[in-house]
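Using this note's numbering, read the sequence shown as starting at 798 and increasing by one per residue. Here the structure is laid out as structure tokens; the discussion comes afterwards.
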Amino acid sequence: MNLTTMLIFSLMVSLLLILISFWLPQLYPDLEKLSPYECGFDPLGSARLPFSLRFFLVAILFLLFDLEIALLLPLPWASNLENPTLSTTLVTTILLLLTIGLIYEWTQGGLAWAE
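Take a look at the structure:
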């Protein structure tokens, strides 16, 4: 199939879905459906509530460790390389840095949620 055929097909499917949405019965939302749900927070209150710094630090630590773990994702393909010793050394270095970072954060109290 060429590009023109795909464009025409996509346009036809889009138009069909638009027409079907007009034929479906109109739903009348009640008060429950109109009220916003914000995971237990009051959405109508003040938007300038104090933010927990401890939560922010834990979130940043999660992002850092998550990105470092993402460096290990290509590990199964590293065994097919010509020199798997180099990839094993790099993985060991990454895991060592992760462990040192975790121990440092643990000793500094960065993982303690409540004091």
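C-beta: ideal position from N, C-alpha, C; glycine also.
The alpha-carbon separation between R851 and L894 amounts to approximately 23 Å.
The shortest C-alpha to C-alpha distance from F862 to any of L883, W874, G898, E879 is the one to G898. DSSP, read as helix, strand or coil, puts W903 in helix.
With contacts defined as CB atoms closer than 8 Å, I900 and L868 fail to qualify as a contacting pair. For A856, the enclosing alpha helix (DSSP H) begins and ends at 850 to 867. Distance check between I866 and each of L887, F848, L821, T801 places L887 closest, using alpha-carbon atoms only. Between G907 and L864, the C-beta gap is not smaller than 8 Å, which leaves the two residues out of contact. Secondary structure note for S818: its alpha helix (DSSP H) is the uninterrupted segment 800 to 820.
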